[in-house]
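The numbers in the sequence shown follow the numbering used here, run straight up by one, and end at 363.
Below you'll find the structure, written out as structure tokens, and then a few comments.
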Amino acid sequence: MPGRSLDEFYMTQRRRTSFDPKELKELFRQMDQKRVKALASSIAAHIAANLQRTVERKSKLSDYRTSPYVLTAISSVMNLAKPLDLARFLLDTKLYTGLETSFGKQIESAFVQHYPSLDGLSGRWTDPIEKLEEFAGLKGLTRETKASKRSHSVWREIDKECTVGDRRYLVSIKSGPHCINDTQVAGMVHAIKENYLEWLQASKKANPKVKGIDVVIGLTYGTPATTNNKENQILVKLRGDGFEPLKGKNGVLVDKRTKSVRVYRAVGIDFWSFIGDPRSPNKARHTFLEALLALSLAMRAGEGRESLLDSIQARGIALARAIEAIVLSFPQSLFPKWAHRELSDDEFLWLSTAITSFYDEGV
């Protein structure tokens, strides 16, 4: 693709999304209260169990290991002078980043199974049966053999699928606008180029009514203007290499061979609209609000939330004690005399904690 047309492609994809109160009010009106409550119930059960397990699994300082350089700098800036303050900071940071990493998978499990929201449609987003069969074939194999076979997986990049009318929709769900890296771009491009015909054939075999498939890279939040552009790089690398722009469909590619495989991306509101109605996303622009409202309802004060808070507080205290023990294992006599003169007690606390990032045992 020539440089100028490449720049034009990126510019057309990175449109800005403007907030409109009137539009938002109308989208709230379109929400389905029954579905929101069903979503909330599903999310509450799923997230509570996973969060509880994530928190309780971490009991040692090494479980909260972070960059010693960032830790030292932030501890000074935020004046985290007490072990409990430092423990709470580490716990909150790791809890947040853990959620950032895992929330995409939780969305797959708890959110999308309630959609599409089309009247009279019994099918919902689900795991591709072909992927389940592929993974079932790995049972009983050694870890090394599993890793080798997964590298040749046909369905690995596809997270969910559903069929509406004569098209099957395959989506690869990414948790946010900056989570795709260069390695994943290469992996996704390779997967689509090498497997799109098999995806199409398998879809037609499973349902003879299927005439084509849509392969969608979905980002669960953000806007087209605020991504790291990696999802667009996937499209750019496919364009001219077996795929071409679909006339009249900005940002949509179609395969040159069969003209029945489309590839595009959906970000933020567009992603949820696609989940709500893959055939006509503009009719389901309210779907992201249903997801957010359901999450708000799911995380209201209740027995599960209180239990989770208790676990977090207990882990904070345990981590503070671990940090105190670390400081005791680093008597100031270990450090050169000039360091004694230069560093305060707080700075010795931060330094001792940072040093543990370089050891597995004995600290």
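Virtual Cβ for every residue (Gly too), placed ideally from N, Cα, C.
Because the structure is a prediction, the values reported are computed rather than measured.
Check: Need the endpoints of the alpha helix (DSSP H) that P68 sits in, please.; Outcome: 68 to 77
Check: Near Y64, which residues of its chain fall below 6 Å by C-beta distance, leaving aside the five closest residues on each side in sequence?; Outcome: L90, K94
Check: Any contact of the segment 258 to 271 with the segment 217 to 226, i.e. 3+ C-beta pairs under 8 Å?; Outcome: yes
Check: By Cβ distance below 7 Å, which residues in the same chain neighbour D277 in space, the five residues on each side in sequence not counted?; Outcome: P116, S117, L118, K283, A284
Check: Do you know offhand how far S67's Cα is from Y96's?; Outcome: 15 Å
Check: Under the assumption that K160 contacts I180 (Cβ atoms under 8 Å), give the Cβ distance between them as a whole number of angstroms.; Outcome: In fact, because the Cβ distance is near 17 Å, the residues do not count as touching under 8 Å.
Check: For D20, which three-state DSSP category applies?; Outcome: coil
Check: Enumerated in chain order, which unbroken segments of the beta strand (DSSP E) with a length of 3 residues or greater are wholly contained in the segment 211 to 272?; Outcome: 212 to 219, 243 to 245, 253 to 255, 261 to 267
Check: From this set, D92, L51, Y264, which residue's C-alpha is nearest L308's C-alpha?; Outcome: L51
Check: Using DSSP with H/G/I as helix, E/B as strand and the rest coil, what is E161?; Outcome: strand
Check: Count the CB pairs spanning the segment 345 to 363 and the segment 324 to 332 that are closer than 8 Å, and state whether there are at least three.; Outcome: yes
Check: Would you give the residue range spanned by the beta strand (DSSP E) that I173 belongs to?; Outcome: 167 to 174
Check: With DSSP as the reference, label T142 as helix, strand or coil.; Outcome: coil
Check: Please identify the residue among F28, A73, V261 whose C-alpha is closest to the C-alpha of P348.; Outcome: For the sequence presented, residue 348 should be read as Phe rather than Pro. Nearest option by C-alpha distance: A73.
Check: Just how far apart, CA to CA, sit R4 and D360?; Outcome: Residue confidence for R4 is low, a pLDDT of 47 falling below 50, so the modelled location carries little weight; the figure read from the coordinates is stated next. Approximately 52 Å, taken between the alpha carbons.
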